[in-house]
Amino acid sequence: MERITRILAVLSVTASFVRATNSSNPIVNLGYASYIGNYNSTSDTNEWLGIRYAQAPIGELRFREPQDIELKNDYSSSQPINATTTPATCVQGKPAWLGEQSGSESPTSSDEDCLVLNVLAPANANASSNLAVMVQIHGGGYTIGSAESSPGNALVHQSNGTLVYVSIQYRLGAYGFLAGAEVTENGARNVGLLDQRAALMWVQRHIRNFGGDPSKVTIIGGSAGGGSVMNQMILYGGVYNPPFRAAMAEYPWWQPFRNESMLEKQYRGLLNAASCSDIDCLRRLPADKLEKATTSTYKTAYAEGHYSYGDFYYGPSVDGEVIRQLPSQEFKQGHFTRVPLLLNHDAYEGYMFTNQSLSSVEEEKSGVRELFPNSRDSFVSRLFELYPASDFNSTVFQRSKWYGDFIINCPTYYMATAVSDYGNPVYKFVFAAGNELHGAVGPFVESLNLKGDASNTTLSSILRDYYVSFAVALDPNAKSYSSISRPYWPTYMNDKNGPFSILDVTYTTIGAERDIDASPRCDFFHAQSYVVRN
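Sequential numbering from 1 applies to the sequence shown in the UniProt record's numbering.
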């Protein structure tokens with residue numbers, strides 16, 4: 001209660017948004033601090049980059065819950081803080097198998113002091129605009145990525161002044177998802193997810209000053225960002241008053257959850273790499289030495305078979321409080337925040353996460369046992385009955401299909417059916433355009449040139465209309481922001497054509513189809529959910 005009182009006292013200072021007279025440097029006063037941003041004439045948006053939403057998670061705050069930024073008392077009341085340059089990313093991590101791929105270099109400008117967010121608002125927005133808000137949680141396997149990963153300029157521009165866009169950063173890899181008994185006793189688990197929730201609470205307190213309405217927040221994310229959207233829905237078992245009113249889970253990556261034994265091995269592996277004996281030593285470690293130690297854990301653990309190709313090693317875990325059960329169980333039992341949901345996946349989700357040198361069924365089966373170390377022979381046998389080699393041109397495509405189903409495609413089915421069963425509208429589409437691989441939909445929605453994918457600007461405009469309409473009206477069909485007409489998008493369970501209705505999106509057609517993921521293959525993975533916790 002004392003903490004809340006202190007925050008309210010800080011926020012009692014008048015907060016307002018002021019457009020500078022030269023039209024290039026908008027200033028926002030948040031009460032505890034002021035920030036100066038940029039005006040983007042191409043998208044006609046005001047942009048503030050790198051606004052802190054929590055205190056730097058360094059020293060004694062490493063591996064602990066984020067602390068609200070308003071409790072930090074060293075801000076000047078008269079001098080605006082510069083928010084015109086791209087912020088440093090959170091410290092990145094890279095699984096060993098990703099290092100084998102070309103073009104997989106991590107960003108070089110990273111820092112532990114990274115709990116920041118970017119805000120994009122229509123240039124004419126003010127504190128009384130009450131606009132819908134979209135909060136982007138970036139993807140990257142919970143180990144890479146930043147607030148710059150999914151640009152929002154095109155969405156804000158197409159919204160015709162009806163949308164504010166926020167993109168957030170959160171602690172990654174071991175910094176955000178370290179677990180083990182000592183972390184539980186002398187710190188906190190899943191702090192990366194708690195960072196996300198802290199950013200959402202900051203939005204609740206401050207987004208009005210950018211023209212946004214805190215009661216109209218939609219969370220969105222792709223890949224691990226989509227998995228994060230899922231985790232925010234089940235946080236604390238699903239809360240009744242969440243800091244968002246709708247969710248958009250794009251190709252949601254359900255990172256394998258590890259059991260306590262493996263989490264302890266992760267923790268001990270980091271201690272060993274850092275030449276430390278306990279968590280207090282890790283907190284005292286200089287930043288460069290901790291980064292070096294965490295980097296080495298990816299290589300060592302991969303060499304020892306602690307994770308397999310396509311897995312990112314660190315990620316959320318069941319801690320009994322923040323994440324109370326496996327996601328599949330939480331959705332089965334109705335333990336999630338019940339809000340309207342839009343979700344999708346691409347046509348070939350597993351291909352990018354499959355070793356292209358895979359050449360035999362025996363190699364593939366070995367990989368299955370690495371990914372599911374607790375699986376029995378009956379599990380492996382049934383898996384290959386459901387995905388027979390005769391259905392595929394090669395072992396690579398066979399593995400790509402079941403891996404994509406396991407980690408992304410089937411989770412969209414689980415989420416869609418659960419949310420629908422509890423009475424909320426769900427809209428799902430499968431994207432078979434672009435390169436059709438993981439993340440293919442991104443360039444169509446987020447293109448920095450505002451036109452979307454150069455080969456199909458019409459499809460880009462249609463998709464953005466769906467997205468903005470859902471964020472503004474909770475229905476992708478309700479609002480139009482361009483002159484291009486778009487097909488009606490049926491709800492998942494209540495369409496006149498029957499249940500499991502989705503949009504099938506290609507370069508040339510968009511139409512309602514039955515969900516291909518409503519299948520025995522996905523039912524198999526759902527029934528074997530205990531196996532996921534390897």
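All residues carry an ideal CB built from backbone N, CA and C; glycine is no exception.
- By the criterion of a C-beta distance shorter than 8 angstroms, R268 is surrounded in its chain by G180, once the five residues flanking it on both sides are discounted.
- Looking at the backbone, the Cα of Y236 and that of Q136 are separated by about 21 angstroms.
- Annotation for K216: A132, V133 and R245 place their beta carbon closer than 7 angstroms to its own, counting only its chain and skipping 5 residues before and after.
- Across the set S366, P499 and R464, the C-alpha of R464 shows the shortest separation from the C-alpha of R486.
- Around the beta carbon of S275, a 10 Å sphere encloses fewer than 16 other beta carbons of the protein chains shown; the residue is thus reported as exposed.
- One thing to note: T354 has its Cβ no nearer than 8 angstroms to the Cβ of Y313.
- Here I502 is bridged, per DSSP, to E513.
- Rounded to the nearest angstrom, the gap between the Cα atoms of Y170 and Q79 is 27 angstroms.
- Inter-residue distance for V361 and G173 is about 32 angstroms (C-alpha atoms, whole angstroms).
- In the three-state DSSP reduction, N409 falls in the helix class (H, G or I).
- Apart from the 5 residues on each side of it in sequence, E370 sits with its Cβ closer than 7 angstroms to the Cβ of G305 and S308 in its chain, given in chain order.
- T84 and V116 have their C-alpha atoms spaced approximately 13 angstroms apart.
- Within the same chain, and ignoring the five residues on either side of E364 in sequence, the residues whose Cβ sits closer than 8 angstroms to its Cβ are L358, T395, Q398 and R399.
- In summary, G99 is exposed, with fewer than 16 beta-carbon neighbours lying within 10 Å of its beta-carbon over all protein chains present.
- When the beta-carbon positions are compared, G141 and W253 come within less than 8 angstroms of each other.
- Out of H526, R62, A527 and P243, the CA that lies nearest to the CA of R283 is found in R62.
- For V368, the secondary structure class from DSSP, reduced to helix, strand or coil, is helix.
- Burial is judged here by how many other beta carbons sit within 10 angstroms of a residue's own beta carbon; K292 has fewer than 16 and is exposed.
- In the three-state DSSP reduction, I144 falls in the coil class, being neither helix nor strand.
- Counting other Cβ atoms within 10 Å of its Cβ, R205 reaches 16 or more and is therefore classed as buried.
- Taken atom to atom, the span from the alpha-carbon of I168 to that of C522 is near 32 angstroms.
- In the three-state reduction of the DSSP assignment, H306 falls in the coil class.
- Excluding the 5 residues flanking it on each side, S296 has same chain C-beta neighbours closer than 6 angstroms at A273, in chain order.
- Between H438 and D377, the C-beta gap is not smaller than 8 angstroms, which leaves the two residues out of contact.
- Within the region 222-264, the complete beta strand (DSSP E) segments at least 3 residues long are 246-250, listed from N- to C-terminus.
- By the CB criterion at 8 angstroms, A432 and D504 fall inside the cutoff.
- Residue pairing of V135 in beta bridges, as defined by DSSP: V166 and I219.
- Within the same chain, and ignoring the five residues on either side of G50 in sequence, the residues whose Cβ sits closer than 6 angstroms to its Cβ are A83, P87 and V116.
- Contact annotation: A247 and I207 have beta-carbon atoms that are not nearer than 8 angstroms.
- R464: member of the alpha helix (DSSP H) spanning T457 to A473, first to last residue.
- Distance between F444 and S76, taken at the CA atoms: about 41 angstroms.
- Annotation: L120 to Q528 spans about 42 angstroms, alpha carbon to alpha carbon.
- The Cβ atoms of L474 and M415 do not sit closer than 8 angstroms to each other.
- Note on E185: under 16 other CB atoms within 10 angstroms of its CB, so exposed under the neighbour-count rule.
- In the DSSP annotation of this structure, the continuous segment of the alpha helix (DSSP H) that includes W402 starts and ends at T395 to G404.
- In the three-state reduction of the DSSP assignment, H206 falls in the helix class, which pools H, G and I.
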